[in-house]
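Q:
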Amino acid sequence: MPTGSSLPHHIEKWKNWVLHEHEPDKWWIMSVPSAMIGLTCFAFSYFNHHLKAWNLMLKISISIVLIALICIAVLFARRWPNGSRPWVKAHLVLVAITVTYVATFFLDKEKEEEPDVLRLVSYVAFAVTSLSLAIQTQLEFFGEIVYFFVGLLLIGLMKINWWLAIFPGACFSYLLIILSSFLHELSEKRIPTHTNSSASPTYTETSFVDDTSSIGSGTAMNPQQSNNTDTGTVPLLAPPPVRSDDLLDGFRRALRTLNGLDRELAWELKRPLGDYLTDRSEEVPAVLGNDSNFLVDRISSQVLDELNRLMMNSTQFDDDLRNLVVDEYSRSRKRFLEICQVELQLNVNKKNTVKKWIKVSNITLRILFPNERRLCDRVFGSSSDIWGECFMEVCSEWARDLLNFADQVAKNGLKYQKRDYLPQLFQVLRAQCDLIIPSFELLFSNTEIRGALWTEAIKVKERLCRAIKDYFFMGLEDLAHADGRKEVVYCSVIIHDSTVQVMERLSDAFKERDTLGLILQDYPIVPVKEGMTLLASHISWMIDLLEANLETFTENSENASLGCVYLINNFSYIERKVHDTQLDTILGHSWLEEQSVKFHGYLEKYRRNSWDTVFGYLKLDSENVTEESMKEKIQLFNEHFGKMFYHHRR
C-alpha cells in the first residue's frame with residue numbers, strides 16, 4: 002500500500018480531500034441518501050419480480066422500516082470515532098455479515114433472471130454506503146463488503162453487455178477500490194493522541210489562599226482559572242493512575258497500525274538487497290548495513306509518538322502489566338520478522354547451506370536487529386529497562402537459531418572428519434568470530450540475555466576450533482599410525498594411503514595457515530620448535546610422526562631391500578608435496594636438510610641390502626670350487642640380478 006509520501010502530489014491532494022478526517026459530515030451526507038436509494042431500488046426490484054401479489058401499502062411500509070433502520074445505523078456511525086467498545090464492534094460486524102448473507106440468499110433465487118436497472122443501481126448505492134461506513138467507523142470489514150457489491154455490479158453488467166462491465170463498471174470499481182486502499186492509512190492518522198485533558202480529568206496547580214472563607218463557598222475553580230495561578234505551588238490532588246485496560250487497548254491499536262506497514266517495509270528492504278540475495282553481489286549494501294534508522298524513518302511519527310506516550314511511565318507498571326506489554330510488543334515485531342523471512346527468503350536450504358546461513362546472519366545482525374533495537378529505543382525510551390526485555394524477547398529466538406546452525410556444523414565436523422566438510426568449518430568459524438560474537442556484544446549489551454548469548458557463542462566457537470584442530474592433527478595422528486606392512490610385502494613401490502592423506506591435510510593446513518595459527522595459539526598440541534612458527538612446528542611434528550610409522554612398517558620385513566625402496570618412494574613423495582604446496586616456506590632450510598640426510602641414508606641402506614647381496618652369490622667360499630657349484634652360484638646371481646633390475650626399472 003503506498004504511503005502518503007510515495008504518492009504523486011495531485012493524487013495525494015485528491016486523497017486528502019476525499020478522506021479528510023476533519024469533515025465527517027461529508028461522508029455522512031453521502032451515506033444517508035445512498036443507503037436510501039440502494040434499499041428503495043432493491044426493494045422495488047425484488048417486489049416486482051417475486052411479491053407482485055402483495056399489498057402496495059405493505060410493500061411501502063416494509064421499505065420505510067428498512068430505510069429507517071439503515072439511517073439509524075448511519076447516524077450511529079457518526080459517533081464511532083468518539084468511542085469503539087468491543088461489544089459494539091462485534092454487533093456491527095454481525096449486522097454486516099447478516100446483510101451480506103441475506104443479499105446472497107435473494108440473489109441465488111435470481112440466477113436465471115436478467116438483471117434490471119434498479120438492481121444495478123442498488124449495487125452501486127450499497128457499495129458507496131459500505132465505503133462511507135468503513136471510512137467513518139474505520140472497520141476494515143466494511144471495506145470487504147465494498148468488494149462484495151462491486152463484484153455483484155460487474156457480474157450484473159456482464160449479463161447485460163460485456164462492454165458495460167469493462168468500461169463504466171471497471172472504472173467505477175477501480176475508484177472504489179482505490180479509496181478502500183486508503184482506509185488503513187486513514188485509521189493510522191486517527192490513532193487517538195490522548196492528552197491529559199481528554200484521557201482523564203485535569204488536576205492543575207492552585208495557589209494557597211489566605212482567605213479560608215472561599216473554601217466551601219460553592220465556588221469551583223475551573224481549569225482555565227487554575228492555569229492563571231502561580232506555578233510554584235503543589236497540586237491539591239494527585240492524578241489518578243492510568244487504567245491498565247485502557248493503556249493496553251491503545252497500545253494494541255497502535256501496534257496494529259504498525260503491523261499494517263510490515264509487508265511494505267519488507268518490500269522496501271528487498272529492493273536494495275536483490276543482488277545480495279541472488280548471489281550477484283557478496284557485500285551487504287552500505288545504504289542498509291549502516292542505517293539503523295531504516296524502520297524509524299519510514300514509520301509515521303504519529304504512531305511512534307503514540308506508542309512512546311503510552312510507554313513513557315513504563316517504569317511504574319506492575320509485573321502483570323509489564324508482562325502483557327512485552328508479550329504484545331514481541332508478538333507484533335516477530336510478525337514483521339516472519340514476513341521479512343518469507344519476503345527475503347531467509348530460510349537456510351540444503352543447497353549452499355553455509356553460504357545461505359552467512360547471508361542470513363549478515364542481514365539479521367547488520368540490518369534487522371539494529372533497526373529493531375532502534376525502534377525499541379524510540380518506543381520505550383533508552384532510559385526504560387523494559388525496552389531491553391522487549392528487544393530480547395523479539396530477537397533472542399532468531400539469534401539462537403543462528404547459533405544452533407553453527408553448533409550443528411561444529412558437531413558434524415567432529416563426527417565425520419571429512420575433507421569436503423573443511424571449507425564449511427572455516428567459513429562458519431570466520432562468521433562466528435567476525436560477525437556473530439561482536440554483534441551479540443553490541444546488540445544485546447545492557448540486556449539480561451547478553452551474557453547467556455555471548456557465552457553460548459563462545460562455546461560454539463570453541464567447538465568449531467576443536468573440530469578444525471582435530472581434523473588436521475588428531476585425525477592425522479590416527480592416519481599416521483595406520484598399518485602399512487601389507488603394502489611393503491606385496492608392492493614395495495606403493496605410496497602408503499596414510500602418506501597421501503596426511504600430506505593432503507597438511508596442504509590444506511597451509512592454505513588456512515592464518516586461521517589455523519590463531520586456533521593453535523589457543524589450543525596448542527606440541528611446543529614451538531626453535532626457529533619455527535607454531536603452525537610449522539605442528540606440521541613438522543606430524544611429518545616426523547608419519548615417517549617414524551613408515552620406518553616401523555619395514556623393520557620386520559623379510560626383504561630389507563624392498564623395505565628400503567618402500568621408504569624411498571614415500572619419502573620422495575613427502576618431499577615433492579612439501580615443495581609443490583609451498584610448505585617448505587614455513588618449514589625452513591634446516592628441516593629440508595634433515596630430510597635430505599634421511600633420504601640419502603635410505604639409499605645407502607638400499608645399496609647394501611640389494612646389490613651387495615646379489616654380488617655375494619659370486620663370492621667363492623673356498624679355493625676348491627667345483628663346476629656344478631659354480632654353475633649354481635651363477636644361476637642364483639642371474640635370478641636375483643633379474644629381479645633387482647626389474648624393481649629398479651619400475
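Quick note, our numbering runs 1 ahead of the 1-based positions in the sequence shown. Virtual Cβ for every residue (Gly too), placed ideally from N, Cα, C.
Could you spell out where the alpha helix (DSSP H) holding residue 322 opens and where it closes?
A: By one-based count along the sequence shown, residue 322 stands at place 321. That run of the alpha helix (DSSP H) goes 320-344.
Q: Note down, in chain order, each residue of its chain lying with its Cβ closer than 8 Å to the Cβ of residue 331, except the 5 sequence neighbours on either side.
A: For this step, residue 331 is matched to residue 330 along the sequence shown. Counting only Cβ-Cβ distances below 8 Å, and skipping sequence neighbours, we find 391, 394, 395.
Q: Between the stretch 336-347 and the stretch 316-323, can you find at least three pairs of beta-carbon atoms closer than 8 Å?
A: Because the criterion of three Cβ pairs below 8 Å is not met, the stretch 316-323 and the stretch 336-347 do not touch.
Q: Ignore the nearest five residues each way along the sequence and tell me which others in residue 541's own chain have a CB closer than 7 Å to its CB.
A: Start at 1 with the first residue of the sequence shown, and residue 541 comes out as number 540. Hits under 7 Å: 530, 533, 588, 592.
Q: What does the alpha-carbon distance come out to for the pair residue 240 and residue 317?
A: Position 239 of the sequence shown, counting from 1, holds the residue named residue 240. Position 316 of the sequence shown, counting from 1, holds the residue named residue 317. Low confidence applies to residue 240: its pLDDT is 46, below 50, so where it sits in the model is not reliable, and the reading given next is rough at best. Whole-angstrom Cα-Cα distance: 14 Å.
Q: Please state whether DSSP places residue 526 in a helix, a strand or coil.
A: The residue given as residue 526 occupies position 525 in the sequence shown. Correct three-state label for residue 526: coil.
Q: Are there 16 or more other CB atoms within 10 angstroms of the CB of residue 543, so buried, or fewer, so exposed?
A: Within the sequence shown, the letter at position 542 stands for residue 543. The residue in question, residue 543, is buried, as its Cβ has 16 or more Cβ neighbours within 10 Å.
Q: Return the Cβ separation of residue 368 and residue 290 in integer angstroms, given the expectation that the two are a contact with Cβ distance under 8 Å.
A: Taking the first residue of the sequence shown as position 1, residue 368 is located at position 367. Taking the first residue of the sequence shown as position 1, residue 290 is located at position 289. Between residue 290 and residue 368 the Cβ distance is about 7 Å, and since that is below 8 Å, they are a contact.
Q: With 16 as the cutoff for other CB atoms within 10 Å, does residue 1 come out buried or exposed?
A: Outside the displayed span of the chain (2 to 651) sits residue 1, for which this structure offers no information.
Q: Hey, how far is the Cα of residue 148 from the Cα of residue 157?
A: As a first step, residue 148 is located in the sequence shown; it is residue number 147 there, counting from the start. As a first step, residue 157 is located in the sequence shown; it is residue number 156 there, counting from the start. Approximately 14 Å between the Cα atoms of the pair.
Q: Starting from residue 547, trace the alpha helix (DSSP H) both ways and give me its first and last residue.
A: Translated into positions along the sequence shown, residue 547 becomes position 546. That run of the alpha helix (DSSP H) goes 535-556.
Q: Please state if the CB of residue 404 and the CB of residue 442 are separated by a distance shorter than 8 Å.
A: Residue mapping note: residue 442 aligns to position 441 of the sequence shown, counting from 1. Residue mapping note: residue 404 aligns to position 403 of the sequence shown, counting from 1. Result no, Cβ atoms of residue 442 and residue 404 do not sit closer than 8 Å.
Q: Tell me the DSSP secondary structure of residue 272 in three-state form.
A: As a first step, residue 272 is located in the sequence shown; it is residue number 271 there, counting from the start. Note: residue 272 maps to coil in three-state DSSP.
Q: Using 7 Å as the cut-off, classify the Cβ of residue 549 as near or not near the heavy atoms of the ligand NAD, replying yes or no.
A: Of ligands this structure carries none, so the ligand NAD is not represented either.
Q: Just to confirm my understanding: we take residue 42, look at its own chain, exclude 5 residues before and 5 after, and list those with CB closer than 6 Å. What are they?
A: Taking the first residue of the sequence shown as 1, we reach residue 42 at position 41. Correct list, in chain order: 119, 122, 123.
Q: Keeping to the same chain, check which residues put their C-beta closer than 6 Å to that of residue 464; ignore five residues upstream and five downstream.
A: Residue mapping note: residue 464 aligns to position 463 of the sequence shown, counting from 1. Here the set comprises 411.
Q: Closest by CA to residue 446, which one among 386, 300, 356, 498?
A: Along the sequence shown, read from residue 1 onward, the residue named residue 446 stands at position 445. With distances taken between Cα atoms, residue 446 lies closest to 386.
Q: Would you mind giving the Cβ-Cβ distance between residue 360 and residue 277, rounded to the nearest angstrom? I have them listed as a contact below 8 Å.
A: On the sequence shown, position 359 is the one that residue 360 refers to. On the sequence shown, position 276 is the one that residue 277 refers to. 7 Å between Cβ atoms; contact.
Q: Note down the Cα distance separating residue 256 from residue 145, rounded to an integer number of angstroms.
A: Numbered from its first residue, the sequence shown carries residue 256 at position 255. Numbered from its first residue, the sequence shown carries residue 145 at position 144. Rounded to the nearest angstrom, the two C-alpha atoms are 22 Å apart.
Q: Spatial neighbours of residue 226 within its chain, please: CB distance less than 6 Å, with the 5 preceding and 5 following residues excluded, ordered by chain position.
A: As a position in the sequence shown, residue 226 is number 225, starting the count at 1. Confidence is the limiting factor: at residue 226 the pLDDT is only 38, short of 50, which leaves the residue's position unreliable and the question unanswerable from this model.
Q: Would you call residue 652 buried or exposed, if buried means 16 or more other Cβ atoms sit within 10 Å of its Cβ?
A: In the structure as shown, the chain starts at 2 and stops at 651, and residue 652 therefore has no counterpart that could be examined.
Q: Any chance the stretch 517-526 sits against the stretch 560-579, with 3 or more Cβ pairs inside 8 Å?
A: Short answer: they don't touch.
Q: Taking 8 Å as the cut-off, decide whether the C-beta atoms of residue 547 and residue 499 are in contact.
A: Residue numbering aside, residue 547 sits at position 546 when the sequence shown is read from its first letter. Residue numbering aside, residue 499 sits at position 498 when the sequence shown is read from its first letter. Cβ distance < 8 Å, so residue 547 and residue 499 count as in contact.
Q: From residue 266 to residue 299, what distance separates their C-alpha atoms?
A: Within the sequence shown, the letter at position 265 stands for residue 266. Within the sequence shown, the letter at position 298 stands for residue 299. If I take the Cα positions, the gap works out to 8 Å.
Q: Residue 539: which of 502, 584, 162 sits nearest, CA to CA?
A: Here residue 539 is taken as the residue at index 538 of the sequence shown, counted from 1. Of the candidates 502, 584, 162, the one whose C-alpha sits nearest the C-alpha of residue 539 is 584.
Q: In the DSSP assignment, the alpha helix (DSSP H) including residue 289 goes from what residue to what residue?
A: Counted from its first residue, the sequence shown places residue 289 at position 288. Start and end: 287-290.
Q: To the nearest angstrom, how far is it from the Cα of residue 437 to the Cα of residue 407?
A: Here residue 437 is taken as the residue at index 436 of the sequence shown, counted from 1. Here residue 407 is taken as the residue at index 406 of the sequence shown, counted from 1. Cα to Cα, the separation comes out at about 10 Å.
Q: The alpha helix (DSSP H) with residue 295 in it runs from where to where?
A: Taking the first residue of the sequence shown as position 1, residue 295 is located at position 294. 295-299 is the span of the alpha helix (DSSP H), which, as asked, contains residue 295.
Q: Could you tell me the boundaries of the alpha helix (DSSP H) in which residue 513 lies?
A: Counting from 1 along the sequence shown, the entry for residue 513 is found at position 512. Neither: residue 513 is in no alpha helix (DSSP H) and is coded neither H nor E.
Q: So, helix, strand or coil for residue 267, using DSSP?
A: Here residue 267 refers to the residue found at position 266 of the sequence shown. In this structure, residue 267 counts as helix in the three-state DSSP scheme.
Q: Assuming residue 362 contacts residue 287 under a Cβ cut-off of 8 Å, what Cβ separation, rounded to an integer in Å, is found between them?
A: Start at 1 with the first residue of the sequence shown, and residue 362 comes out as number 361. Start at 1 with the first residue of the sequence shown, and residue 287 comes out as number 286. With a Cβ gap of about 17 Å, residue 362 and residue 287 do not count as contacting.
Q: By Cβ distance, which residues of its chain are closer than 7 Å to residue 468, with the 5 residues on each side in sequence left out?
A: Numbered from its first residue, the sequence shown carries residue 468 at position 467. Closer than 7 Å at the Cβ level, and outside the excluded window around residue 468, lie 411, 414, 415, 426.
Q: Quick check: the Cα distance between residue 127 and residue 164, rounded to an integer number of angstroms?
A: Counting from 1 along the sequence shown, the entry for residue 127 is found at position 126. Counting from 1 along the sequence shown, the entry for residue 164 is found at position 163. Distance between the alpha carbons of residue 127 and residue 164 is about 22 Å.
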